[in-house]
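First residue of the sequence shown: 3, per our numbering; consecutive thereafter.
C-beta: ideal position from N, C-alpha, C; glycine also.
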Amino acid sequence: MNKEILIVHTAWYQEYISKMLAISQETLEDFNCTNAVAPGALELAALAAQKLQDSSFIGVLFLGIVIRGETSHYELVTKETFRSISNLSLNNYKLAIINNVICVENIEQLEARLVKNSTNNAKALIQLIHEKSS
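Right under this line is the structure:
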């Protein structure tokens, strides 16, 4: 079985993204991981779609953070990010695709969820890869 996974993450909140990436790579240690950096959450799915065109990836893990601000931008970013990742998943149904974009109200919520979400979603990707390959 091919063991290549694409991890696409955002450039925002680098300190926290680095933690998410380290947890994910440690959990996915039996796989070869290729990283790609999107400017923000809205660009995650489009970057993954481009990287998937000429590849043999068996899975994609999205990592990102969206923190509510004082504008309606949060609603737009969260809805469009999740919609575009869902569309990518449906259009590439043979791939295992997991969305670990964490949407929170504040840094405290992010810190409370980061380790658990990152660990659980990386494990979910492994489980989905096995399910889709059987």
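Between the alpha carbons of E17 and A40 lies a distance of about 15 Å. For the 8 Å CB-CB criterion, I19 and L65 form a contact. Cα atoms of Q129 and S136: separation of roughly 11 Å, rounded to the nearest angstrom. The three-state reading of DSSP puts E6 in strand, counting E and B together.
Straight through space, the alpha carbons of T121 and V79 are spaced by roughly 24 Å.
Taking a cut-off of 8 Å for Cβ pairs, the segment 97-114 and the segment 42-59 touch, as three or more such pairs fall below it.
When secondary structure is reduced to three states using DSSP, N123 falls in the helix class.
DSSP places I60 in the coil class of the three-state scheme, outside both helix and strand. In the three-state reduction of the DSSP assignment, L30 falls in the coil class. With respect to A124, T12 sits apart: the two C-beta atoms are not nearer than 8 Å. Per DSSP, the continuous alpha helix (DSSP H) segment holding A50 begins and ends at L46 to L54.
Shown here, A43 sits in a helix according to DSSP, grouped into three states.
Straight-line spacing of the CA atoms in V106 and G61 works out to 25 Å.
Distances from the CA of N89 to each of H75, L116, L8 and L46 were compared; the closest alpha carbon is that of L46.
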